[in-house]
């Protein structure tokens, strides 16, 4: 158990709908990362937040957005869903203020199926 | 972050040591070598990381060459449960000044298959 909690574990929704994925980082971790893993793309970095602020952005679609709340949990919002958005979405966290070599820990992911 | 090169697949007999190589010839002085693994559709699992010196923990050993251009992850006694994709990643460490750290950039990794 990495200590990173993601909900829901599985989600099935229709095209055009909107969903929210939730992540609770490890206790005390300030950084949250979101990754997408589809069958043909491998693990793709989407976005990173640090202590409530966006820190880095990857290949995140404009239909997707994220935020990190004051209690440090994060949500990834996916809207106008398409079949190609079906994937595993991982959240990860790290402390962010320790000395170099900090480790990132991953949750078990949220399976999204768009039908 | 520097790119890494790993063999796409490897086989290992159960109970034997699994040695997974990684080339990172363009690594910078402030970049660490991280190893993660992903067992089918589970979240990536942290294994070990290092900067210059060899490292060992309860899961594995990490051997980094003196010039830091390559490294080897060693699973001393591989079991069937070690069958997974293993990722070697180089990443700039976080600092007290910048905070936040840097993302991990995953390549295609090495599919390790442990067999009886």
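Chains as they are written, first to last, in our numbering: chain Y, 1 to 115; chain G, 1001 to 1116. We put the CB at the ideal spot given by N, CA and C, even for glycine.
Whole-angstrom distance between residue 1064 of chain G and residue 40 of chain Y, CA atom to CA atom: 31 angstroms
Proximal residues to residue 12 of chain Y (C-beta, below 7 angstroms), its chain only, five neighbours per side dropped: 113 and 115
Proximity test, Cβ basis, 8 angstroms: residue 2 of chain Y and chain G: yes
Cβ shell of residue 1070 of chain G (< 6 angstroms), same chain only, five flanking positions each side left out: 1023
Identity of the residues DSSP links to residue 74 of chain Y by a beta bridge: Y:23 and Y:68
Alpha helix (DSSP H) segments (min. 4 residues) lying fully within the segment 1015-1059 of chain G: none
Same chain only: Cβ atoms within 6 angstroms of residue 1086 of chain G, ignoring 5 sequence neighbours per side: 1020, 1037, 1109, 1110 and 1112
Residue 1011 of chain G - containing beta strand (DSSP E), residue span: 1009-1013
Proximity to residue 118 of chain Y [Cα-Cα], best of Y:69, Y:95, Y:35 and Y:73: Limits of chain Y in this structure are 1 at one end and 115 at the other, which puts residue 118 of chain Y out of reach.
Secondary structure of residue 55 of chain Y, DSSP reduced to three states: strand
Cutoff 7 angstroms; reference residue 17 of chain Y; Cβ partners in own chain excluding five residues on either side: 81
Residue 1080 of chain G, DSSP secondary structure in three states: helix
Closer than 8 angstroms to chain Y by CB, residue 1071 of chain G: no
DSSP beta-bridge partners of residue 1110 of chain G: G:1086
Closer than 8 angstroms to chain C by CB, residue 1104 of chain G: No chain C appears in this structure, whose protein chains are Y and G.
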